[in-house]
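Below: one structure, written as structure tokens.
Protein chains in written order, with this note's numbering: chain A, 1 to 751; chain B, 1 to 156.
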């Protein structure tokens with residue numbers, strides 16, 4: 001269904017619609033929301049990584065002047081141990097509630113225990129120190145392999161491993177085991193001329209969005225609850241809060257404010273139900289803001305993992321078999337992204353014999369949350385490093401070995417699905433011919449590495465309404481919060497249909513009472529699925545406008561066509577009217593025109609990326625500097641190329657941070673010792689070169705303009721690409737992330 | 001409740017008076033007392049630069065300055081950068097280069113850029129990166145931000 005034609009708006013680079021608001025400081029983010037009579041909330045968090053809560057006494061806090069209310073787990077409705085589908089997949093309700101406020105046990109340092117509303121934030125903070133909590137401290141379990149030991153301390157007495165439909169007898173920290181198997185791996189390895197097997201360890205890393213979580217709630221006497229917040233999905237907030245508070249969704253309105261980054265971390269709710277509980281208790285609107293430390297310690301990072309990858313290949317470079325063992329830390333409650341990791345690990349390649357085992361393991365760390373292609377970067381660090389080693393051993397160029405094995409349309413992924421039209425080969429070819437790859441690279445301690453990555457992308461539900469204005473412009477109403485310029489990439493798709501400039505579309509992101517259901521801004525789905533809904537809504541407008549022109553000219557609708565922004569009659573009468581002029585005549589032809597589009601598309605189409613990186617390793621300090629970076633990616637069709645490049649560059653740089661610096665550093669008591677931006681060292685602009693983003697366009701047949709999601713896959717290749725570059729520079733294979741100076745010095749035998 | 005002090009200062013060229021507790025930071029005063037919410041709180045301890053403002057010509061993190069310290073001083077915030085009828089060239093350059101995604105760090109980057117270009121109108125790429133290293137952006141990878149600053153310097 002992809003249209004093969006030149007576009008007028010799609011593929012251009014207009015100024016984003018919300019741009020002026022965002023460069024003048026006028027755009028209102030969650031924390032900027034103000035309302036009369038506002039109280040301020042703060043959350044008390046567990047100082048222990050693992051402890052039984054024996055008692056909570058809030059009386060001293062309640063007595064502090066200025067304190068208006070204190071809430072704990074006792075204020076939550078008793079949660080059932082049942083599974084609810086909450087937009088981001090199945091969630092166990094008891095775990096969801098226990099993550100809002102610890103009830104029986106605190107399962108990580110930073111686990112919320114109580115919250116206070118007061119007349120100002122300082123009083124609320126002071127009151128938190130007056131809440132007396134009696135803990136029985138328990139030994140923490142802090143690492144996935146330790147947690148899997150049979151004698152490891154248990155986080156949950158009721159978790160028993162489910163494996164291929166069976167549930168174990170004894171409780172365990174291993175919540176589940178999954179397996180994908182294709183062909184005959186044993187036979188495949190027997191056919192190999194070379195087999196390489198390596199272990200990999202990755203640390204816990206945070207999304208690192210600059211805006212902390214925030215929520216303001218107001219609870220009317222009639223039960224009407226309004227929540228103003230920054231979130232990746234207003235409807236998902238509505239669903240989660242409804243379940244947690246056992247309050248009907250029809251009585252909850254979520255108003256999405258501007259959002260200061262998310263990357264997957266602003267889907268789960270943390271303080272939104274807390275603000276609602278405090279508002280209910282005090283009868284006043286309550287604003288709850290997290291501190292940066294709260295964000296690190298109390299929200300979901302992406303998991304640390306232990307990974308083992310084994311691959312076999314013939315002398316000619318054909319992979320004959322691949323095996324992976326993935327053990328992911330879920331954090332305090334089950335639900336790590338080991339599933340997606342298992343789906344993605346070998347997805348760039350067409351391999352006949354594959355076995356992948358995945359384990360979801362609870363540990364005393366914050367419950368993990370999605371982070372950009374969740375699970376896939378950990379997995380690719382292993383598989384893309386092993387493939388590099390095989391290429392090197394066989395004397396085959398690393399891009400060439402990828403071409404030899406590249407998956408294409410019709411090939412089967414190890415977890416089942418058949419690939420639709422994909423653009424992996426095109427990204428490798430583009431990397432091969434890029435001047436970066438052909439540039440000289442031979443200086444001492446300089447190295448070049450490449451790696452590829454896959455992310456499947458998702459579709460899900462989106463709704464768009466278009467109201468036609470008398471001056472030939474349209475107002476576009478949508479439910480996808482705009483994290484990176486999607487107002488424009490969505491508006492442009494409607495503009496293309498109606499043949500109007502991008503600037504003639506006024507996009508608005510509205511609350512949950514004002515637009516149809518729309519799933520999260522996540523899964524690289526927004527430009528794809530909400531853009532698709534905008535396309536459908538614009539088609540609806542076009543149909544209705546054709547009806548109006550027909551009415552005006554007293555001809556049959558089949559005698560009206562729309563081309564180049566003009567409606568014209570065919571078969572006889574020679575009438576013409578521009579879109580703009582017809583917009584001015586809607587009153588006389590039947591009243592306003594409103595178009596709508598709703599979708600739940602299945603053809604998201606996978607995205608592939610291939611990255612090239614040059615590094616230099618400082619032999620004395622162990623510091624790795626990135627000198628040059630090129631990221632090639634199949635975007636299907638780039639609606640607004642500047643913001644596609646932005647996604648690629650931003651994802652690559654998050655990957656560089658993950659590769660070289662970022663990790664949660666824990667002490668033996670399970671306390672994160674680097675819970676600030678100073679010590680959790682994300683890349684600054686001084687750490688980086690320009691990032692050359694190369695867009696390849698292999699149109700996705702599942703979208704009218706060929707769009708593929710672009711947001712997530714760019715974070716998949718960087719860790720392996722940098723590890724491969726470090727090997728090229730100093731001849732040492734790094735298998736643990738981050739590849740920080742101390743790890744490099746250890747690997748080089750310097751310390 | 002802590003006693004409040006009376007402070008008179010200049011903000012974006014206008015004389016402003018406010019009451020604040022001595023423990024309140026300039027960031028808190030700007031946001032909560034004066035409703036100038038363009039300066040953002042990302043960390044509240046001087047590591048992210050999202051609250052950058054210019055105080056008597058010097059770039060500061062407003063979370064590390066107390067409100068009472070601004071007595072008799074002059075503060076420039078993001079709200080004072082544009083002209084009534086047109087954007088500042090730095091703002092235009094950020095828009096034209098698509099140098100923002102979520103936009104939460106953007107006011108801080110624009111204030112930092114303004115402070116840089118006020119004292120060094122023709123910075124090299126390295127000087128730009130060195131100067132802006134106190135501002136964190138998690139969305140863009142900085143490429144388009146650096147290019148926007150280069151373009152702004154050229155157009156001013």
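Just so it is clear, CB atoms sit at the ideal spot from N, CA and C, and this is done for glycine as well.
Everything numeric in this text was worked out from a predicted model, so none of it was measured.
{"query": "Cα-Cα separation, residue 33 of chain A to residue 652 of chain A", "result": "33 Å"}
{"query": "Positions along the segment 7-28 of chain A whose CB lies within less than 9 Å of some CB in chain B", "result": "13, 15, 16, 18, 19, 20, 21, 22, 23, 24, 25, 26, 27 and 28"}
{"query": "Rounded C-alpha distance that separates residue 426 of chain A from residue 631 of chain A", "result": "13 Å"}
{"query": "Whole-angstrom C-beta distance between residue 269 of chain A and residue 237 of chain A, which should lie under 8 Å", "result": "6 Å"}
{"query": "Residue 363 of chain A - DSSP class collapsed to helix/strand/coil", "result": "coil"}
{"query": "7 Å Cβ cut-off: residues of chain B touching residue 209 of chain A", "result": "138"}
{"query": "Closest Cα partner of residue 124 of chain B within the set A:453, A:686 and A:326", "result": "A:686"}
{"query": "Residues within the segment 57-70 of chain B neighbouring chain A, beta-carbon criterion of under 9 Å", "result": "none"}
{"query": "C-alpha distance - residue 812 of chain A paired with residue 157 of chain A, whole-angstrom precision", "result": "Since the first residue shown for chain A is 1 and the last is 751, residue 812 of chain A is missing from the structure and cannot be characterised."}
{"query": "Residue environment, residue 3 of chain A, which counts as buried when at least 16 other CB atoms sit within 10 Å", "result": "A caution first: residue 3 of chain A carries a pLDDT of 45, below 50, which makes its placement in the model too unreliable to give a value."}
{"query": "Near-chain A residues of the segment 68-99 of chain B - C-beta to any C-beta below 9 Å", "result": "77, 78, 79, 81, 82, 87, 88, 90, 91, 92, 94, 95, 96, 97, 98 and 99"}
{"query": "Residue 26 of chain A versus residue 35 of chain B - alpha carbon distance", "result": "11 Å"}
{"query": "Proximity to residue 87 of chain B [Cα-Cα], best of B:30, B:131, B:139 and B:156", "result": "B:156"}
{"query": "Contact belief for residue 698 of chain A with residue 609 of chain A at Cβ below 8 Å, rounded distance in angstroms", "result": "Not quite, the Cβ-Cβ distance comes to about 13 Å (not below 8 Å), so this is no contact."}
{"query": "Residue 8 of chain A vs residue 496 of chain A beta-carbon contact at 8 Å", "result": "yes"}
{"query": "Any C-beta of chain B under 8 Å from that of residue 3 of chain A", "result": "Caution is warranted here: a pLDDT of 45 is assigned to residue 3 of chain A, below 50, making its placement in the model unreliable, and the coordinate value is therefore given only provisionally. For residue 3 of chain A, the answer is no, since every Cβ of chain B falls outside 8 Å of its Cβ."}
{"query": "Short Cβ contact (8 Å threshold) for residue 640 of chain A with residue 42 of chain A", "result": "no"}
{"query": "DSSP state of residue 305 of chain A mapped onto helix, strand, coil", "result": "strand"}
{"query": "Whole-angstrom distance between residue 262 of chain A and residue 655 of chain A, CA atom to CA atom", "result": "15 Å"}
{"query": "Cβ of residue 45 of chain B within 8 Å of any chain A Cβ", "result": "yes"}
{"query": "Buried versus exposed call for residue 487 of chain A [16 or more other C-beta atoms within 10 Å across all chains shown]", "result": "buried"}
{"query": "Inter-residue spacing [alpha-carbon to alpha-carbon] between residue 324 of chain A and residue 199 of chain A", "result": "10 Å"}
{"query": "Under the three-state DSSP convention, the category residue 1 of chain A falls into", "result": "Caution is warranted here: a pLDDT of 40 is assigned to residue 1 of chain A, below 50, making its placement in the model unreliable, and no coordinate value can be reported."}
{"query": "Closest residue to residue 788 of chain A among A:408, A:414 and A:71 (Cα-Cα distance)", "result": "The structure shown does not extend to residue 788 of chain A, since chain A is modelled only from 1 to 751, so the question has no answer here."}
{"query": "Three CB pairs or more closer than 8 Å across the segment 597-608 of chain A and the segment 467-477 of chain A", "result": "no"}
{"query": "Chain-ordered chain B contacts of residue 258 of chain A [CB-CB under 9 Å]", "result": "102, 103 and 104"}
{"query": "Range covered by the beta strand (DSSP E) that runs through residue 246 of chain A", "result": "Counting along the chain, residue 246 of chain A falls outside any beta strand (DSSP E), and DSSP gives it neither H nor E."}
{"query": "Cβ shell of residue 29 of chain B (< 7 Å), same chain only, five flanking positions each side left out", "result": "18, 20 and 67"}
{"query": "Range covered by the beta strand (DSSP E) that runs through residue 328 of chain A", "result": "319-331"}
{"query": "Unbroken stretches of the alpha helix (DSSP H), 4 residues or longer, contained in the segment 80-149 of chain A", "result": "93-100, 121-128 and 144-148"}
{"query": "CB contact check: residue 646 of chain A to chain B, cutoff 8 Å", "result": "yes"}
{"query": "Residues that residue 207 of chain A bridges to, as DSSP identifies them", "result": "The partner list for residue 207 of chain A (beta bridge, DSSP) is empty, contrary to what the question assumes."}
{"query": "Alpha-carbon spacing of residue 264 of chain A relative to residue 371 of chain A, whole angstroms", "result": "5 Å"}
{"query": "Cβ contact (3+ pairs, closer than 8 Å) linking the segment 174-189 of chain A and the segment 359-375 of chain A", "result": "yes"}
{"query": "Beta-carbon gap between residue 407 of chain A and residue 398 of chain A smaller than 8 Å", "result": "no"}
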